[in-house]
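**Q** This is the structure, below, for whatever I ask next.
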Amino acid sequence: MVKLLDYKEKWEELEQSNNPFATVIMAHIKSLETRKNQEQRQAWKMSLTRRLYEQGYQRQDVLNLFHFIDWVMKLPKGLEQAFLQEITEYEQEQNMPYITSAERIGMERGLQEGRQEGRQEEAQRLLLRLLERRFTLSVPTEVQSRLQQLSVEQLEELLDVALTVDSLEQFKLRIEN
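Residue numbers for the sequence shown follow the numbering used here, beginning at -13 and rising by one.
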C-alpha cells in the first residue's frame, strides 16, 4: 500500500508533474509539515496556488483544486487576509482572476463562521469529486449516503484512502469497515 507521505521523497517528480493529483498530494504533505508553522504554511499555500495557474489548468479545475488547498491548509484570520491580498495581486499581475472577489468574500465568511456542517459538506464534495475523477465513474448512492454520516476527520482520512486504493470497489470495502 502506498501512503501519501511516501511521495515526500519524490517531491521533485511531483513538481515536474502536470497531473492535478500531484498538486493534491503536495498540498497534503505540506499541510502536515506546516502544522506548527503558520507563516511557512502561508508561503506554501501561495506557492501551491501559483502552481495551479502555472500548470495551465482550466478555470474550473483551478477553482476546485484551490478549494482543496484552502481546505487542507487553513490559516489563522490575519494570515488568511494576507494570503488573499497576495493572491489578488498575483491574479492582477497574471491577468487571471480565477478566484473572484465574491468567492474570496464567501471563503472569508466561511472561515469566520467556521461551521462544522459547512466543513463536512465541503469534505464530502471534495471526496466525491476526487473519486469520480480518479475512477471516472459515478459514485454509487450507497457510498454517497455513507459519506454523509461521517465526521470531517473521518472524511479527511478517507481522502488518503481515495488517493491510494486501486478501485472504487476497494474504497467501498474500506468505508464499510
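For glycine and all other residues, C-beta sits at the position ideal for the given N, C-alpha and C. The structure displayed is predicted, hence computed values, not measured ones.
1. So the alpha helix (DSSP H) L70 belongs to, where does it begin and stop?
2. Near V138, what residues of its chain come up, given a Cβ to Cβ distance below 8 Å and the 5 sequence neighbours on each side ignored?
3. In whole angstroms, what is the alpha-carbon distance linking Q2 and V10?
4. How would you call E155, buried or exposed, if buried means at least 16 neighbouring beta carbons within 10 angstroms?
5. Is it right to say Q28 is buried, meaning 16 or more other beta carbons lie within 10 angstroms of its own, or is it exposed?
6. Can you grab the Cα-Cα spacing for the pair N81 / R111, in whole Å?
7. Could you pull the start and end residues of the alpha helix (DSSP H) that K(-4) belongs to?
8. Among residues of its own chain, excluding the 5 on either side of R132, which ones have a beta-carbon nearer than 6 Å to its beta-carbon?
9. Kindly indicate which three-state DSSP category D152 falls into: helix, strand or coil?
10. With 16 as the cutoff for other CB atoms within 10 Å, does S17 come out buried or exposed?
11. Using the rule of at least 16 other Cβ atoms within 10 Å of the residue's Cβ for burial, across every protein chain shown, is E40 buried or exposed?
12. Would you tell me roughly how many angstroms separate the C-alpha atoms of R21 and P126, rounded to the nearest one?
13. What number of angstroms, rounded off, separates the C-alpha of A88 from the C-alpha of E128?
14. Between Y43, D56, E(-1) and L113, which has its C-alpha nearest L141's C-alpha?
**A** According to the structure shown:
1. First-last of the alpha helix (DSSP H) with L70: K63 to Q80.
2. Q102, R105, Q106 and A109.
3. The straight-line gap from Cα to Cα measures roughly 14 Å.
4. Of the other Cβ atoms in all chains shown, fewer than 16 fall within 10 Å of the Cβ of E155; this residue is therefore exposed.
5. Burial call: buried.
6. If I take the Cα positions, the gap works out to 29 Å.
7. The continuous stretches of alpha helix (DSSP H) do not include K(-4), and DSSP gives it neither H nor E.
8. Cβ within range, chain order: I161.
9. The answer is coil: DSSP assigns D152 none of H, G, I, E or B.
10. Buried is the call here.
11. E40 counts as exposed, since fewer than 16 other beta carbons sit within 10 angstroms of its beta carbon.
12. Whole-angstrom Cα-Cα distance: 34 Å.
13. Caution applies to A88, whose pLDDT of 44 falls short of 50 and renders its modelled position unreliable; the value that the coordinates give is listed next. Going from the Cα of A88 to the Cα of E128 covers about 34 Å.
14. Ranked by how close their Cα comes to the Cα of L141, the residues Y43, D56, E(-1) and L113 have L113 in first place.
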